[in-house]
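*Asks:* Pasting a structure below so you can have a look.
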Amino acid sequence: MVCLRLFSLLLVQRLTRCHKAEELQLSNWFKPGSRQDVITTTDWLAPVLWEGTFNREPLERYYRKQNITVGLAVFVIRRFADRHLELFLQSANKFFMPGHRVIVYIMADTYVKLPDVESSPLRTFQNLVMGEQQRWHNLDLVRMKVLGEHLVEHIQNEVDFLFSMTTNLVFEDEFGVETLGTSVAQLHAWWYFRNTKNFPYERRHTSAAYIPFGQGDFYYDGSIVGGTPHQMLDIIEDYLKGVVQDIEKGLNSTYEKYLNKYFFLNKPTKLLSPEYSWDPRFRLPLQVRYVKVSRHAREGY
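Under mature numbering (1 follows the signal peptide of the UniProt record, and there is no 0), residues -18 to -1, 1 to 283 are what the sequence shown spells out, in order.
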């Protein structure tokens, strides 16, 4: 019996060592010192991804061994579907996680006919029709509520990572495995280059989204958020809880402000630089070397 226990202990230790050896270390792919002109690491030691700070090859080898599936959830309103969805899907088909299995979840108020997108055995599309009973006065509330329902019902069992994005985005370059993480936040292209004292956080102290003056790290963009399914569900539940609390007080804030409050209290494990969501209306600063995703004027989603 003692020998059996000892053998089991040694086996566990060996398996643990093998597992640790297979884990990808941040230093294997992330080189923050290669960019001195931007913030590459947060105060809580999370990487901030800029062109030139990462090596995608070690990440590709690692995630191919993991045989991952990545989800991409996008919310559309029928009257805006033709305007944005085609560009979004065509560009995502080319640049979003190339070479990996991707499930695109199209959440719409009615069935949306897919635009012409080149077929691939690695790409599948799911139309998630929300039904006529939904109220459309708060699109972000509907978007998060429906995504949360589908996460619980099936998405959490289908993907390893999930991104939620708005359809006014167009992928311009590879949005690859470097962006994967437990909790992924997008830095706002405009506010990254502004004084932190002026961030448009919710300042009403009775709101669930409230962040006091003098506090806060960055201002995060609500058009892209990602992470593991469990983490995404936590974000959604926190957002819905905050909305309900504020409604009971007669208050109303924005999804982006609730999201910023969440990341203020629950620091993201990875941050995407403005290169991953650049507004072409802004003059391109020297710090932005390659635009990965551009965002256009949003009319609906």
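Glycine is no exception: its CB is placed at the ideal position from the N, C-alpha and C atoms.
Flag this pair as touching only if the segment 147 to 155 and the segment 239 to 253 have three or more C-beta atom pairs under 8 angstroms; answer yes or no.
*Replies:* No, the segment 147 to 155 is not in contact with the segment 239 to 253.
*Asks:* CB T251 to CB G163, shorter than 8 angstroms?
*Replies:* Result yes, Cβ atoms of T251 and G163 sit closer than 8 angstroms.
*Asks:* Taking DSSP's pairing of strands, which residues face Y202 in a bridge?
*Replies:* According to DSSP, Y202 bridges with L169.
*Asks:* With H, G and I counted as helix, E and B as strand and the rest as coil, what does DSSP make of A190?
*Replies:* Three-state result, A190: coil.
*Asks:* Starting from N150 and walking both ways along the beta strand (DSSP E), at which residues does that stretch end?
*Replies:* Element bounds for N150: n/a, residue is neither H nor E.
*Asks:* Pull the bridge partners of Q108 from the DSSP assignment, please.
*Replies:* BP columns for Q108 point to Y87.
*Asks:* Suppose the cutoff is 6 angstroms on Cβ atoms and the five residues either side in sequence are ignored; what does the same chain contact list for N221 look like?
*Replies:* In the sequence as presented, Asn is not what sits at residue 221; that position holds Tyr. Closer than 6 angstroms at Cβ, skipping near neighbours: M126 and Y240.
*Asks:* Going along the chain, which residues of its own chain have a beta-carbon closer than 7 angstroms to the beta-carbon of R17, five neighbours each way excluded?
*Replies:* Closer than 7 angstroms at the Cβ level, and outside the excluded window around R17, lie W32, G34 and T35.
*Asks:* Any contact of the segment 167 to 177 with the segment 191 to 205, i.e. 3+ C-beta pairs under 8 angstroms?
*Replies:* Flag = yes, the segment 167 to 177 and the segment 191 to 205 touch.
*Asks:* Cα-Cα, which of G232, E131 and A190 is closest to Q212?
*Replies:* Checking the sequence, you will find His at residue 212 rather than Gln. Ranking the options by Cα distance to H212, first place goes to E131.
*Asks:* So N134 is in the alpha helix (DSSP H); what residue range does that whole segment cover?
*Replies:* Checking the sequence shown, residue 134 turns out to be Val, not Asn. Where V134 is concerned, the enclosing alpha helix (DSSP H) stretches over L121 to E135.
*Asks:* For H66, does the count of other Cβ atoms within 10 angstroms reach 16, so buried, or fall short, so exposed?
*Replies:* Answer is buried; the Cβ neighbour count reaches 16.
*Asks:* For I217 and Y244, which I take to be in contact (beta-carbon distance under 8 angstroms), what is that distance rounded to the nearest angstrom?
*Replies:* Yes, they are in contact, since the Cβ atoms of I217 and Y244 sit about 6 angstroms apart, within 8 angstroms.
*Asks:* On the criterion of 16 or more Cβ atoms from any shown chain inside 10 Å, does K231 qualify as buried, or is it exposed?
*Replies:* Exposed, because fewer than 16 other Cβ atoms sit within 10 Å of the Cβ of K231.
*Asks:* Work out the CA separation of D91 and Q115 for me, nearest whole Å.
*Replies:* With a pLDDT of 47 at Q115, under the threshold of 50, the modelled position of this residue cannot be trusted; read the value that follows with caution. Computed Cα separation, rounded: 9 angstroms.
*Asks:* For the alpha helix (DSSP H) that contains L222, what are its first and last residues?
*Replies:* Segment P211 to E230, the alpha helix (DSSP H) holding L222.
*Asks:* Do you know whose CA, among Q7, A190 and L215, lies nearest A55's CA?
*Replies:* Of the listed residues, the one whose Cα sits closest to A55 is L215.
*Asks:* In the structure shown, what three-state DSSP assignment does T161 receive?
*Replies:* Three-state result, T161: helix.
*Asks:* What is the residue span of the beta strand (DSSP E) that G252 lies within?
*Replies:* Strictly speaking, residue 252 in this sequence is Lys, with Gly absent from that position. K252 to L254 is the extent of the beta strand (DSSP E) around K252.
*Asks:* Buried or exposed: L254, going by 16 or more other Cβ atoms within 10 Å of its Cβ?
*Replies:* Result: buried.
*Asks:* So R38 is in the alpha helix (DSSP H); what residue range does that whole segment cover?
*Replies:* Looking at the DSSP string, the run of the alpha helix (DSSP H) that includes R38 is R38 to Q48.
*Asks:* Near V270, what residues of its chain come up, given a Cβ to Cβ distance below 7 angstroms and the 5 sequence neighbours on each side ignored?
*Replies:* Cβ within range, chain order: P256, E257 and W260.
*Asks:* Any idea what DSSP makes of W260, helix, strand or coil?
*Replies:* Strand, per DSSP.
*Asks:* Can you give me the Cβ contacts of L6 inside the same chain, cut-off strictly under 8 angstroms, excluding the 5 residues immediately before and after it?
*Replies:* Hits under 8 angstroms: P40, L41 and Y44.
*Asks:* Apart from the five residues on each side of it in sequence, which residues of its chain come closer than 8 angstroms, Cβ to Cβ, to L266?
*Replies:* The answer, listed in chain order, is W260 and V273.
*Asks:* May I ask you to report which of helix, strand or coil DSSP gives T92?
*Replies:* In this structure, T92 counts as coil in the three-state DSSP scheme.
*Asks:* Give me the Cβ distance between T148 and F57, rounded to the nearest whole Å; I'm assuming they're in contact under 8 angstroms.
*Replies:* That pair is a contact at about 7 angstroms.
*Asks:* Using DSSP with H/G/I as helix, E/B as strand and the rest coil, what is S16?
*Replies:* If DSSP states are grouped into helix, strand and coil, S16 belongs with the helices.
*Asks:* Does the Cβ of R263 have 16 or more other Cβ atoms within 10 Å, making it buried, or fewer, making it exposed?
*Replies:* Exposed, because fewer than 16 other Cβ atoms sit within 10 Å of the Cβ of R263.
*Asks:* Compute the beta-carbon to beta-carbon distance between R105 and N139, rounded to the nearest angstrom, for a pair I have assumed lies under 8 angstroms.
*Replies:* Contact doesn't hold; Cβ gap of about 19 angstroms is too wide.
*Asks:* I'd like the span of the alpha helix (DSSP H) that includes L241, first residue to last.
*Replies:* Y237 to L247 is the span of the alpha helix (DSSP H), which, as asked, contains L241.
*Asks:* Please state whether the Cβ-Cβ distance between G81 and F145 is less than 8 angstroms.
*Replies:* Taking 8 angstroms as the Cβ cut-off, G81 and F145 do not qualify as a contacting pair.
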